[in-house]
Every structure is written in C-alpha cells, then in structure tokens.
Amino acid sequence: MCTQTSRGNRTNINVEMSPESQFGIYSQIRESIPIVDAAINKIIRLVGDFKIESENEFMTQQVDHFLKNVLVIGNGNGMHSFMTCYLDSMLTFGNALGEIVLDPMGREIVALFNVSMRNIRLRREDASLETEFWISRRFDYEKIKHPELLVFSTLNPVAGEIYGNSLIKGLPFVSEILLKIYKSIGLNFDRVGNVRFAINYKPNQNSMDADCAQEIAQNIASQWEQAMRDCSDGVIRDFVSVGDVDIKVIGADNNIISTEVPVRQMLEQIVAKMGIPPFLLGLNWSTTERMSKQQSDILISEIESYRRTITPCISKIVKTWSRLSGFDDEFEVVWRKINLYDEITQAKTQLMLNQAKRIETA
C-alpha cells in the first residue's frame, strides 16, 4: 500500500509492508550465514561471461573494446564488473537496477552505474504498463526523469507484482533457527570448554579445623587462585591441601546436546533453495558424492534461467552504445559454455558417430 503527498516535482511515498523492508534482512542473512553468501557468489561465477557477435566485424571489434574498458562507477572498469554487481543485487534482493551515464552532450556512454535497490521505490500507474522509478532524496522520493537510460531486471516475479523474489526469500525462518543453534553451541563451549571449578572444604568437627574453618577456606581460595593464575601464564603449579577438600569441574556431569542432525536439516533447506549441489559448497555428506547427470542438468537449467533474465539488460546497453556510435547492425548476445565437461561429452559423441559412419561406408 502506498500513499502519496505531492510537493511540486517531489512526492512523499509512505510504504507499508513493502518488499524494501526485507532488503536489510536479506543482507544480514548473507553476512551471518557464510554458506548463503558462498552459494550466491558461486552462482555468479557459474553464470560466466558473454560476447557480442555481429555480421559487421568492425562493429564487433568496437563493441568488444567498449565492453572491456567502459568505466563502472565504484566497481572499476569493464562490463564484467558491472554485471557481477548487477547479478548480485538481483539474486539478493530480487531486483537489479543499472544506469547508463552519458556525457553532457548526450553523444556517448561514459560510464555504467549500479544503483542500490535500498534507495529505489517502484510504482506502476493503473492506466500505464510502464514501471516508474523513484529515488530517495532525504525524506522524499523523486521520480527519475530519464527511465530510458535505466536497465532493470526482476527475478521470478509474481503475477501482477512489480517486485521480484529474492533467492533468499523463505530462508529468514530457517536462518533464525540455524543461528540459534550456533549461538547455543558457542554458549555451551563457553561454559564447558572454559573449565570452572567448585571447591568444597569440609572441616573436621573433632579438631581445630572447626575453629579456624573460615581462615582455612580463605587460604585455600587464595592458593587456588594463585595456582590458576600461574597456569594462565604458562607456569604449571600444583595445588596441595590438607583435610577434606573436594574439587569438581562445574558442568562435567552434563552432556552437550548433539546438533549434527538439526544443523544438517537446516543446511539441506538452504541448499535446496540455492539450487547448488552441497559438495560444491564444502558439505561432504557422503564420501563418494559427486555431481550426477541429473544434478548437472538441473544446475545448467538454473544458470540458463539467470542468463535469460539479464540478457535484455545487456542488449539494451549494447544497443544504446551502437546507436550513439552510428551502428545499425543486428547483434546477438552469446554466452560461453557453462563447463568443459559438456564440450568433452559432445566431442566424444561426435567422434563416435563419425567412426560409425566410416565403418558403415567401408
């Protein structure tokens, strides 16, 4: 739900239960659970690189030079740097927004800029099919004047919704349970791993110990403290006492609850959501585990889906560059092969077919 208050060219938007409220949670999950961050980074690397092919060889050379050297504000140079940050935003927040920066005369592209989705609000008028972009300006939101210079991608949107769905959507509850388990493990090791002692002194009622019990107890406490202090400095010192003195380790009779099963259950949910085979994330649940043909096909289909989502963004940037550079040729975004294993398999298959044809001909 959004309510608007017009102020000249500015509009104040009050958002209730908006998707933006989840952006901070998604970032915290990536920071708190390393396996989630590792899975997203792994997906980004698996998506790989691309090239532009065109019948005009001169245009192909020029666009290749542009993609390798274009300035990316805040991320260095090259289209690869821009797309890495762009894809990271899309997977984490469900949406990604980039800006094409032109020179003051509007004649050439001088830079690309990854816009933070934390500062952007999306709207769509009932009478229009176009998505409006509003950027945060202090306490207000101002409509972006040149949406034609923006590239925008949405991940797995729900019908009728503007915002996409983050890859981390559905994991806050699972992550909360996992973090509670990790926190309890740390507290238990603080209590049990850092050994604490209970010293009980029982004075003999038939001797002088009963009259000097308090002084003897204080002497035992000071000597024990001195012995433990020496141990912390690397000097081992024995503690010697006379009488009925009982020393026990606090918590030695308690067993730490096994967390292997619940932790694995939570990690299985996270791995299933990420779509990455567990052994690629360092989870060796089986000694003979390796990627099967079915897992490979599923992973390739996931990567191809991400490629299809961001290909229009790449095409818009290249088309803008080509028009400003005076080119009107058609081009195609060609992604490299996902892995070498597929190429080897196809080459072996083709070799066997050629050998079979040669035998039949002979």
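Note that the sequence shown ends on residue 364 in the numbering used here; no numbers are left out. C-beta: ideal position from N, C-alpha, C; glycine also. None of these values were measured; they are calculated from a predicted model.
Please classify residue i: does DSSP put it in a helix, a strand, or coil?
i, result
"cysteine 4", "At cysteine 4 the pLDDT is 41, less than 50, meaning the model places this residue with poor confidence and gives no usable figure here."
"leucine 189", "helix"
"tyrosine 100", "Checking the sequence, you will find glycine at residue 100 rather than tyrosine. Glycine 100: strand per DSSP, three-state reduction."
"isoleucine 340", "coil"
"serine 373", "In this structure the chain extends from 3 to 364, so residue 373 is not present and cannot be described."
"leucine 301", "helix"
"serine 29", "helix"
"arginine 360", "helix"
"leucine 353", "helix"
"leucine 285", "coil"
"valine 320", "helix"
"serine 224", "helix"
"isoleucine 111", "strand"
"arginine 126", "strand"
"isoleucine 312", "helix"
"asparagine 77", "coil"
"glutamate 217", "helix"
"glutamate 22", "helix"
"glutamate 306", "helix"
"threonine 13", "Legend: pLDDT at threonine 13 = 41, less than 50; position of this residue unreliable, value from coordinates given subsequently. Threonine 13 falls in the strand class under three-state DSSP."
Restricting to Cα atoms, I'd like to know which of the options is closest to residue i.
i, options, result
"glutamate 334", "Glu59, Gly100, Ser317 and Glu304", "Ser317"
"glycine 108", "Arg325, Val336 and Ile312", "Arg325"
"threonine 311", "Ile27, Met230, Ala200 and Met85", "Met85"
"lysine 70", "Asp51, Tyr88 and Gly76", "Asp51"
"lysine 171", "Gln64, Glu22, Gln357 and Ala113", "Glu22"
"glycine 166", "Leu152, Leu99 and Thr322", "Leu99"
"leucine 285", "Arg338, Arg266, Gly162 and Leu48", "Arg266"
"aspartate 142", "Arg126, Asn121 and Val49", "Asn121"
"asparagine 77", "Phe68, Asp39 and Tyr88", "Tyr88"
"glutamate 144", "Leu124, Leu151, Ile35 and Phe281", "Leu124"
"leucine 151", "Gln357, Val320 and Trp226", "Val320"
"methionine 230", "Asp330, Phe199 and Lys147", "Phe199"
"isoleucine 300", "Ser224, Cys315, Arg309 and Pro279", "Pro279"
"phenylalanine 2", "Gly328, Lys359 and Gln352", "Outside the shown range of the chain (3 to 364) lies residue 2, about which nothing can therefore be said."
"isoleucine 35", "Gly162, Met92, Leu181 and Asp248", "Leu181"
"aspartate 66", "Lys53, Pro314 and Ile201", "Lys53"
"leucine 382", "Glu101, Ile146, Asn97 and Leu104", "What is shown of the chain runs 3 to 364, which leaves residue 382 out entirely."
"asparagine 58", "Asp331, Gln357 and Val336", "Asp331"
"glutamate 306", "Phe25, Gly26, Leu48 and Asn43", "Leu48"
"glutamine 225", "Trp337, Ile201, Asp246 and Pro106", "Ile201"
"isoleucine 42", "Phe95, Ser56, Met81 and Gln63", "Phe95"
"alanine 215", "Val197, Phe25, Ser118 and Val247", "Val247"
From what residue to what residue does the beta strand (DSSP E) around residue i run?
i, result
"aspartate 142", "142 to 145"
"isoleucine 37", "Where isoleucine 37 is concerned, there is no enclosing beta strand (DSSP E), although the alpha helix (DSSP H) it sits in stretches over 36 to 49."
"serine 56", "52 to 56"
"aspartate 246", "246 to 251"
Since residue i is in the alpha helix (DSSP H), which residue starts that stretch and which ends it?
i, result
"phenylalanine 329", "Element bounds for phenylalanine 329: n/a, residue is neither H nor E."
"arginine 266", "262 to 276"
"asparagine 202", "No alpha helix (DSSP H) holds asparagine 202; the beta strand (DSSP E) holding it covers 199 to 204."
"aspartate 66", "59 to 71"
**Request:** Any chance you could list the beta strand (DSSP E) runs of at least 3 consecutive residues sitting entirely within the segment 149 to 183, in chain order?
**Result:** 152 to 156
**Item:** Segment contact flag, the segment 211 to 227 with the segment 168 to 181, C-beta cutoff 8 Å, min 3 pairs
**Value:** no
**Prompt:** Any chance the segment 185 to 204 sits against the segment 134 to 152, with 3 or more Cβ pairs inside 8 Å?
**Reply:** no
**Request:** Indicate whether the contact test is met: 3 or more Cβ pairs, each with one atom in the segment 62 to 82 and one in the segment 112 to 120, closer than 8 Å.
**Result:** yes
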